[in-house]
Ligand SMILES: NC(=O)c1ccc[n+]([C@@H]2O[C@H](COP(=O)([O-])OP(=O)(O)OC[C@H]3O[C@@H](n4cnc5c(N)ncnc54)[C@H](OP(=O)(O)O)[C@@H]3O)[C@@H](O)[C@H]2O)c1
């Protein structure tokens, strides 16, 4: 049976590619993001299956827009939260840090809370949060991004435990990408960069299997866990070293 899916942060990148995959197999997909022109272009690919709504998760009233989009879809089975931003902020200016926290922490939590209440009332549903291997350790170039990803990851784990305890029918899935070839995937030390197609296929498979956690692509499991185990002096040496690997551009 085809599912109904809401993707928050689906105007570009992994969220958009998931929307294309789901709509291509006949699912009805609601897509939210701030850039309306990209949403309109996306809807043109599958005008009968894709529903769009402009929305900014840092807006305190986002729950109204989420409710309207879900109403347009006549209910949803899965809510995927892909929305996040990154600021490389070497000078540690306050505005980029605050902006990251507003979206990746406050906005992200707002959407998760909404999804939780929606599915709890419905008695079943799946919440999918996209985090990052950045959740594993701190980083000198994008401190707020790394910290926000750790927040997202632990928050999702808390919801997973809570759902099991309450036996409320909510499935929580955390997708943990390494590097993906998207607007956000930039840097001088990138390796194992997954194509958008491959990343989205693996992400969709993990969602279908209702996995608790899935690394995208799978081998990032190793990098994540090695990073977690590294003693501080080795980790600091690696992140502060002058080595470079591969740049996309
Ligand atoms: N690419 C990578 O290498 C990589 C690695 C690890 C984790 N990730 C994670 O994967 C997820 C998807 O990222 P991506 O690589 O596909 O990058 P992307 O193309 O920049 O996608 C981010 C999406 O989030 C939306 N978004 C951002 N701020 C928003 C806001 N305030 N309200 C609503 N939507 C918002 C963007 O749409 P608008 O700008 O139109 O609002 C866009 O659709 C993110 O959570 C990211 O942290 C990516």
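Residue numbers (our numbering): 1 to 249. Every residue gets a Cβ at the ideal spot worked out from N, C-alpha and C, and that includes glycine.
Task: Distance between residue 19 and residue 79 (C-alpha atoms, nearest Å) - done: 12 Å
Open item on the list: If contacts are defined as beta-carbon pairs under 8 Å, then residue 111 and residue 8 qualify, I think. What distance do you get, rounded to the angstrom?
Closed with: 5 Å
TODO: Please report the Cβ distance between residue 186 and residue 202, rounded to the nearest whole angstrom; I am assuming they are in contact, meaning their Cβ atoms lie under 8 Å.
DONE: 21 Å between Cβ atoms; not a contact.
Open item on the list: Between which two residues does the alpha helix (DSSP H) holding residue 199 run?
Closed with: 196-208
Open item on the list: Going by C-alpha to C-alpha distance, which of 173, 34, 179, 180 sits closest to residue 103?
Closed with: 34
Open item on the list: If I follow the unbroken alpha helix (DSSP H) through residue 119, where does it start and stop?
Closed with: 108-122
Open item on the list: Beta-carbon within less than 6 Å of residue 130's beta-carbon, same chain only, minus the 5 sequence neighbours each way: which residues are those?
Closed with: 82, 175
TODO: Check whether the Cβ atoms of residue 250 and residue 3 sit closer than 9 Å, and answer yes or no.
DONE: Since the first and last residues shown for the chain are 1 and 249, residue 250 lies out of range.
Task: DSSP state of residue 51 mapped onto helix, strand, coil - done: strand
TODO: Keeping to the same chain, check which residues put their C-beta closer than 7 Å to that of residue 239; ignore five residues upstream and five downstream.
DONE: 139, 140
TODO: Sort out for me which residues DSSP pairs residue 28 with in a bridge.
DONE: 4
Open item on the list: So residue 105 and residue 148 are supposed to be a Cβ contact under 8 Å. How far apart are they, rounded?
Closed with: 5 Å
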